[in-house]
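Written below as structure tokens is the structure these notes are about.
Residue numbers (full-length UniProt numbering), protein chains in the order written: chain E, 1 to 69; chain A, 1 to 69.
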């Protein structure tokens, strides 16, 4: 298992957290997504390393932006 | 038709607007709900005057608070 951490901006409430969790959680191989609303930190657990572009696309689909590392 | 205006606090994003709109829109007799996220103003169109307690309960169900007039 691999754990990766990202930062997402624009989330303002629990609904936003749910949207990001649902989209990122739907990426193949992802087994867990933890979102910290206050910091925008998104911790993703997956079977193998994730492509950042794939994560960015999922976050974008939810309506938010992945902050560049 | 009657148009009533309320103020709701705690809405931070479009998801919040959707939640409030859905709950208030489900009150019997309500035909339209317009929510202004920036001001928290909720304008409700209904067949007859609404009981404020009913509106408050719907807003509460959505997870927000009706501001006392």
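Glycine included, C-beta positions come from ideal geometry on N, C-alpha and C.
Under the three-state reduction of DSSP output, residue 45 of chain A falls in the strand class. Rounded to whole angstroms, the gap between the alpha carbons of residue 9 of chain E and residue 23 of chain A is 28 Å. Less than 8 Å divides the Cβ of residue 44 of chain E from the Cβ of residue 4 of chain E. DSSP places residue 33 of chain A inside the beta strand (DSSP E), whose first and last residues are 30–36. For the UniProt domain "HMA" (2–67) of chain E, the residues whose beta carbon sits under 9 Å from a beta carbon of chain A are, in order, 10, 11, 12, 13, 14, 15, 16, 18, 19, 63. Annotated three-state conformation of residue 54 of chain E is helix, per DSSP. Of the candidates A:35, A:62, A:63, A:35 places its Cα closest to the Cα of residue 6 of chain A.
Under the DSSP assignment, residue 8 of chain E falls in the beta strand (DSSP E) whose first and last residues are 2–9.
Contact between residue 46 of chain E and residue 67 of chain E does not hold, since the beta-carbon distance rounds to 19 Å and is not under 8 Å.
Residue 20 of chain E: member of the alpha helix (DSSP H) spanning 14–25, first to last residue. Rounded to whole angstroms, residue 50 of chain E and residue 14 of chain E show a C-alpha spacing of 25 Å. For residue 57 of chain A against residue 26 of chain A, the beta-carbon gap comes to about 11 Å, at or over 8 Å, which does not count as contact.
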